[in-house]
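Chains as they are written, first to last, in my numbering: chain A, 149 to 442; chain B, 743 to 1063.
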């Protein structure tokens, strides 16, 4: 019952509506531009309402659908595999660090912590992955040179586990003869779903959105993720004509370049925007969780 | 080491040489950490040794260790050129502006979210304003392009004619506009996210304070002024301080992709990160870029330590370590 100033409430609502509009409006421009006829764009530029409605850009891209689908395949594989493997590694690292009995715990905690403070930087990392491990132009570069795990995730999960795990329960399981692996599997994991969900979601979003790793390690267009493809097309629209093959003759028509550029961005952002309403609750919880104690 | 303090204290300790760790019993806990430790070794620790390449004439064909030593020559070249000054200035100034404006706006939005009673509306606002945080900088670069494209952009084709400006503005080749564009884009992407972080802090304030103030007849604005701000502002200042430790690291996606890596904009858009990257991909000087990368690692490290030390002296709770 702490609210009592109607003026303040109204000012807040109006400002928040304005801010919400500012967050949505650029997407409307993008979608409208992608659905406008190419000649109308040349006459009037991108606008918030299609003057001449046309799906030519989408027709053009769908005729080259196999390459776009493959890029999505790369993105989905990297996201699913990277998130799963990353969660396993993070949990296996964080749980022993949360247990007081772990040998050399202080030393290992320091190693994790120091990795957060000091970075070798982009060029030494490139040498390690590309030259010494030979991961250049492989899909594994996207996974391992990505954010499989990091000190921040490990520390966040460790803090959660320290708060949630019950010493008594672990001890009684030990008396019953349960192995450490069994304790992790049957006692710790079932009570850690909130933190696994939060870190899993953030890792997944990171992999889905990642384009920098691909830009450094991938030069073969067949291994491009959707973000890499978008990034290339932004720099060079001709990439579509020279690299994405048409499946049918009807699609050999001239490319409506200004609208195609917008349409490919819509195709690239639509899945995550459509999925957002379903996971926004966890996304916001995750932001708040990270805020409470990082 | 705080291993089993109760047990060791209970022992009469006739033999001083007690085993420190119970490996036989707890080695599975060590085995669990093997994948993570290997990954940290490869991903974080091996590259740290790679900083020696800043002191070499880098030759990717030969590899790190076979390249010739050149001492501090790479650093001399870097700091003799104007580039070191430009990228340091840009990195620090942009980060400062983003930090100050981002914190202030995020906090104001958080205060507004705190005034929303309706749960459904509150959730909707939160979801919509945090959406920009969800999408990649590549998508953002398309959104910005839709506004700034010289030929078709909404600003050149709709806004400028409305304002009576006849000539097109060549946004992607005019450095002077970019400090404003980048600040605006950064705020657009981050304010919603930041406001939710601060909103979480506001939720932590005990309702009883407000109840008591209400009984004393305090208006809502007075409650914010005398209760909310004194409790939350110190926390926010500490959070901002910690971010100050990251001032040597810029958001690569913003400065590289949103500017379309346009070389003409170098003077107002190049940061240490984009400079290092352009060296790696061949459009810049590799030796100087490597030196810039090491310069960033070391100064960045010192800054994190310093800032944490300062925060720790003021408020242990909020320090990183």
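Ideal Cβ positions, reconstructed from N, Cα and C, are used throughout, including at glycine.
What you are looking at is a predicted structure, and each value in this text was computed from that prediction instead of being measured.
Residue i, DSSP secondary structure in three states
i	result
residue 185/A	coil
residue 949/B	helix
residue 762/B	coil
residue 284/A	coil
residue 201/A	strand
residue 811/B	strand
residue 804/B	coil
residue 799/B	strand
residue 384/A	coil
residue 961/B	coil
residue 775/B	coil
residue 872/B	coil
residue 1063/B	coil
residue 818/B	helix
residue 836/B	helix
residue 421/A	helix
residue 391/A	helix
residue 749/B	Model confidence at residue 749/B stands at a pLDDT of 42, short of 50, so the residue's coordinates are unreliable; what they give is reported in the following sentence. Three-state result, residue 749/B: helix.
residue 366/A	coil
residue 350/A	helix
residue 881/B	helix
residue 374/A	helix
residue 402/A	coil
residue 411/A	helix
residue 250/A	coil
residue 343/A	helix
Exposed unless 16 or more other CB atoms sit within 10 angstroms - verdict on residue i
i	result
residue 301/A	buried
residue 270/A	buried
residue 990/B	buried
residue 754/B	Legend: pLDDT at residue 754/B = 48, less than 50; position of this residue unreliable, value from coordinates given subsequently. With fewer than 16 other Cβ atoms within 10 Å, it is exposed.
residue 235/A	buried
residue 895/B	buried
residue 928/B	buried
residue 310/A	exposed
residue 316/A	exposed
residue 333/A	exposed
residue 751/B	For residue 751/B, the pLDDT reaches just 43, beneath the cut-off of 50, and the residue's location in the model is therefore unreliable, leaving the point undetermined.
residue 380/A	buried
Cutoff 8 Å: residue i Cβ touching any chain B Cβ
i	result
residue 360/A	yes
residue 417/A	yes
residue 440/A	Because the pLDDT at residue 440/A is just 48, under 50, the model does not fix this residue reliably, and the value given afterwards should be weighed accordingly. So, interface residue.
residue 355/A	no
residue 193/A	yes
residue 157/A	yes
residue 243/A	yes
residue 185/A	no
residue 402/A	no
residue 276/A	yes
residue 198/A	no
Minimum Cβ-Cβ distance from residue i to chain A less than 8 Å
i	result
residue 976/B	no
residue 838/B	no
residue 874/B	yes
residue 1030/B	no
residue 962/B	yes
residue 1058/B	no
residue 1055/B	no
residue 764/B	yes
residue 792/B	yes
residue 857/B	yes
residue 997/B	no
Q.
Counting only Cβ-Cβ distances shorter than 9 Å, please list the residues of the stretch 246-272 of chain A near chain B, keeping chain order.
A. 247, 248, 249, 250, 251, 252, 253, 254, 256, 259, 260, 261, 262, 263, 264, 265, 266, 267, 268, 269, 270, 271, 272
**Q.** Contiguous beta strand (DSSP E) assignments of at least 3 residues, all confined to the stretch 261-339 of chain A
**A.** none
**Q.** Selection of the stretch 321-352 of chain A by Cβ proximity to chain B, strictly under 8 Å
**A.** 327, 328, 329, 332
(Q) My parser needs the alpha helix (DSSP H) runs of 4 or more residues fully inside the stretch 976-1050 of chain B; what are they? (A) 1008-1011, 1014-1022
Q | Under 8 Å (Cβ pairs) to chain A, residues found in the stretch 920-936 of chain B | A | 930, 933, 934, 935
Q: Give, in chain order, every residue of the stretch 888-914 of chain B whose Cβ lies closer than 8 Å to some Cβ of chain A.
A: 888, 889, 891, 893, 894, 895, 896, 898, 899, 900
Q: Output, in sequence order along the chain, the residues in the stretch 1003-1027 of chain B whose CB is closer than 9 Å to any CB in chain A.
A: 1003, 1015, 1018, 1019, 1021, 1022, 1023
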